[in-house]
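> One structure follows; several queries about it will come next.
Numbering (this note's numbering), first residue to last: 7 to 1161.
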């Protein structure tokens, strides 16, 4: 950011006495520096004469204390401020600081080992070697440093190592200075022990004299470094780095060299430092640990790619699913196998109507691909299962499998996750680009590598748009040439998929329902023989003869079931149920008229359903049908499968009754023996049949959805409460709550109800009254939000409220409408906060809610009143929501043409795209190296332009977040960008005083408009695109002809910078906003000023992001401050009342009741 411009926005203030204190500190620092320098140049004093050693026992002098005493008073004062870590078990034992040095060295080596810089390892090894050796020496000689002066010098070693964390550019110098000092301290300790304390009396005086001078030099060096790094001295950190790595170290080295010459033995010391191997072993252990940590870090990152449960072909959930029997479907499987190895169409589409065996063929093909090393990934869609019926988990699931099988993909995928940890939640296009397209494209060329991605039942993907998007994106993979990528896809021949394949030429297809009848019949015949023979072999041979079920019966079954494999499968499951005799059940099927004369689905499912009513009277039949509706009818319409126990709790029936009734439906439902595992539909056609059949088993979708919605409201009403997880503090953050605690207090039926009650209400088409809905919301709305926040689904709450407000199925009452409006405002205000600390809904959420809001009137209870904001707004302000995520000022925002997305450009160099309905961050676009001043959407919303302090303009694909082009040409910051109405031209205004017009298709510069004498802050096109207006720091507005680039008019009248210009819809009027506080309206034809509006404050648009969001009480986070309450300039606390003052004159008082 240019200096003069930033100065306009910075408003520094100083506490009383701050300036005079800084002057005093600066003067003190200069005096200290002078005194230390003077002392260094003085003559060293000699130690006092020693008594005759031949007549008394030698008492070693504390040389460190003697050296310390010869320092001047200021140097001793500075050294006294050094805090020396101690060993917790040994008090002031110097081994405390030695241990710290070793730990910090290990930590820093571990951090920088990946750079491959050998100097870091060598320095680390020498420091650890020196520290271990010193530790051995002081262990042998306890009195070596009784006054802790050597420990002060070791603290300086620790300081240099610690500073490498934040000053990477000086890392090597800091490591080397610490290494040198550690080496000198250890060698001098060895010299003192070996040649002064244990040495011959004749050399003690010379050794002590030399060591004394050396110790003084070390302590003076330590004092200078301590003074340099003390922030109270007013020194810059850069100066401190220089002091540590430059002049004082040179002086120390000079003193060391002199000591070496005098002693003449320093060169022999290396052999006595015996810990080199231990130091090497320690670093080797770090290397091994780092490898393990790297692997764990990779796994942790990949965990952010959620794998859809059950979507892989060999998962536990689907372990009982069938594969093609030997000698069946051979022609199809051979055709698929040849296609995979060919160089022709890269997509194989296997389609067929319901029940023709598509999924069984897909599982068999996946097994064959896997056996031959061709299978890259699978995804088996399944409607009614949240993870498997939604396209949002498709890309992460496929990417996770591909990375596990092809490790060379890992760097690109992990890099994408590191840059955007929430990538798996972003739009499908961006997921596809970052997780699949780019990583696979970057693989090294290897046309011998075949990777098959298999996707089954695309028609079971929720929503037509989801199907279209998946097909469109997968088709793009055909452009990749690095490897031979193949896509095997199955589905029903639904219209959106058929139309999609009409546009995709590079595919081959096979329709199962169009295969020759004899082929289908033979495969069904083999299947029935195999399955029924297996049933016979599992039963008592006395019950079933060896020739059962006889060829005649097999042929009858073939005739009944063709061409539906699902019919044959259902019959076999029905006959095989353990509680019944197989031959009697088969007889019942063969004699059932519907199995012969009904339509295909009646023939498949009515025989199974009719057995429910066999041998019952009218009353019993009626009860059984009702239980069928209550249990099976609910199962087929659940948004996600539930276990038998959770289902029983939801529909309020005993588990044993639910289990008993489900026992008769193993042929159409997967009912696990474990009551905690989910009950699933075996085939989607069973759901479709029950919803469309005219038989007595028909399930009314609307009525059943209403029934489920009512169950959900009942469950939530009984289970939800404030602080449902009994957390100890209302400041507890969600990341610190164990998942087991949440699951314990919010069982599966409760979580399901919280997540899906609005879905069922919407599908019921208004069969639950406003009164019931309002009654629930008035009692439990905040409890419901709390539960969603604990479940990590708080943002979905906004979408659900939007559905309730839209009420597409009918009109909405005034009272409910008013409640929902207030609820949405409250939720938008609380989203970010509740996602971090759910219970703050009751503290900050309600404390800051407007006085007359419905939320405050309904839910402001004893808990909320523990915190009282004494002045809050009467009603909701125009501010719908504050979007938080940038780390610095936000300079520019722009809405997409459809209003669904908001773009923001920030001083942190990032651009963020936000969902305007929920306030959730969709994407973060990174690429600029400096502040982003301006963002603008193209008219079709597909492209975003950004102008930056780095002198460039970038064009981005809004769907994928990828950078399309970088436009260079400006010689200074780009303040403003704007698209022409047709999107073909982009205008940019710059600090270099020019405006440039660019071709958006090619990125080429078309024209440069010159005329302003200072920065151009704003540019905008007229509605017809023929004219461009610009506002400048030269206080003028200019109007340009876009075709010729000529200046048409200059509008003058502002007395300061012109920040913004905008045309009216008809292009006849232009508005301008200025730093002079005025908004002027101009006639574009004549250039005359028509109107002026004046306001007292500057016209600018920026937001400030602070990290200090919490008010803490007694060290505990208590109250989350909403964004518009954080920019206080002063505060005071007295008698439990916190008062905040703001630059706009507001004062907020918050009372805390701490009892």
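C-beta atoms are modelled at their ideal positions from N, C-alpha and C, and glycine is treated no differently.
1) Is the number of C-beta pairs between the stretch 913-921 and the stretch 948-965 that are closer than 8 Å three or more?
2) By Cβ distance below 6 Å, which residues in the same chain neighbour residue 1013 in space, the five residues on each side in sequence not counted?
3) Run the CB neighbour count on residue 489, radius 10 Å, all protein chains shown included, and call it buried at 16 or more, exposed below.
4) Who does residue 985 pair with in a DSSP beta bridge?
5) Tell me which same chain residues have a C-beta within less than 7 Å of the C-beta of residue 826, skipping the five on either side of it?
6) Any beta carbon from chain D within less than 8 Å of residue 664's own beta carbon?
7) For residue 262 versus residue 163, is the C-beta distance shorter than 8 Å?
8) If you drop the 5 nearest sequence neighbours on each side, which residues of the same chain put their C-beta closer than 6 Å to that of residue 673?
9) When the Cα atoms are used, what is the spatial distance from residue 115 to residue 134?
10) Given residue 276, which residues of its chain have a CB within under 8 Å of its CB, disregarding the five upstream and five downstream residues?
11) In the DSSP assignment, what are the bridge partners of residue 514?
12) Considering Cα atoms alone, identify which of 942, 936 and 102 is closest to residue 898.
13) Let me check understanding here. Comparing Cα to Cα, which of 531, 844 and 592 lies closest to residue 801?
14) State yes or no: is the C-beta of residue 1034 within less than 8 Å of the C-beta of residue 1048?
15) Examine the Cβ distances between the stretch 323-336 and the stretch 459-466 and report whether three or more of them are shorter than 8 Å.
16) For the beta strand (DSSP E) containing residue 492, list its first residue and its last residue.
17) Give, in chain order, every unbroken run of the alpha helix (DSSP H) that is at least 4 residues long and sits entirely within the stretch 516-544.
18) Using the DSSP secondary-structure output, state which residues sit across from residue 1035 in a beta bridge.
19) For residue 666, tell me which candidate among 700, 630 and 931 has the shortest Cα-Cα distance.
20) Short of 8 Å in beta carbon distance, which residues of its chain neighbour residue 36, apart from the five on each side in sequence? Order them along the chain.
21) Compare the Cα-Cα distances from residue 1128 to each of 642, 849, 717 and 622 and report the closest residue.
22) Please state whether DSSP places residue 953 in a helix, a strand or coil.
23) Rounded to whole angstroms, what is the Cα-Cα separation between residue 312 and residue 737?
24) The alpha helix (DSSP H) with residue 88 in it runs from where to where?
25) Go to residue 1053, then tell me how far its alpha helix (DSSP H) extends in each direction, as first and last residue.
26) Drop a sphere of 10 angstroms on the beta-carbon of residue 553, count the other beta-carbons inside from all chains shown, and report buried for 16 or more, exposed for fewer.
27) Which one of 107, 218, 779 and 518 has the shortest CA to CA distance from residue 337?
28) Using the three-state DSSP reduction, which class does residue 551 fall into: helix, strand or coil?
29) Report the rounded CA-to-CA distance for residue 725 versus residue 358, giving the unit in angstroms.
30) Can you tell me the Cα-Cα spacing of residue 751 and residue 668, whole angstroms?
31) How do the stretch 407-427 and the stretch 442-451 stand: do at least 3 beta-carbon pairs fall below 8 Å, yes or no?
32) Is residue 449 helix, strand or coil when you go by DSSP?
33) Residues in its own chain within less than 6 Å of residue 676 by CB, not counting five upstream and five downstream?
34) Can you list, in chain order, the residues of its chain with a C-beta nearer than 8 Å to that of residue 797? Leave out the 5 residues immediately preceding and following it.
35) Residue range of the alpha helix (DSSP H) that residue 1079 falls in?
36) I'd like to know if the stretch 654-662 and the stretch 766-783 are in contact, where contact means that at least 3 CB-CB pairs between them fall below 8 Å.
So, from the data block:
1) yes
2) 1003 and 1051
3) buried
4) 992
5) 807, 810 and 811
6) Chain labels in this structure do not include chain D; a single protein chain is all it has.
7) no
8) 576, 579, 580 and 614
9) 11 Å
10) Only weak support is given to the placement of residue 276: the predicted model assigns it a pLDDT of 39, under 50, and the question is left unresolved by the model.
11) 354
12) 942
13) 844
14) yes
15) no
16) 490-497
17) 523-544
18) 1026 and 1045
19) 630
20) Legend: pLDDT at residue 36 = 38, less than 50; position of this residue unreliable, value from coordinates given subsequently. Excluding positions up to five away in sequence, the list is empty.
21) 849
22) strand
23) 29 Å
24) Counting along the chain, residue 88 falls outside any alpha helix (DSSP H), and DSSP gives it neither H nor E.
25) Taken as a continuous stretch (DSSP letters only), residue 1053 belongs to no alpha helix (DSSP H), being part of the beta strand (DSSP E) at 1053-1058.
26) exposed
27) 518
28) coil
29) 45 Å
30) 28 Å
31) yes
32) coil
33) 686 and 688
34) 748, 752, 757, 760 and 761
35) Residue 1079 -> not in any alpha helix (DSSP H); beta strand (DSSP E) instead, spanning 1075-1080.
36) no
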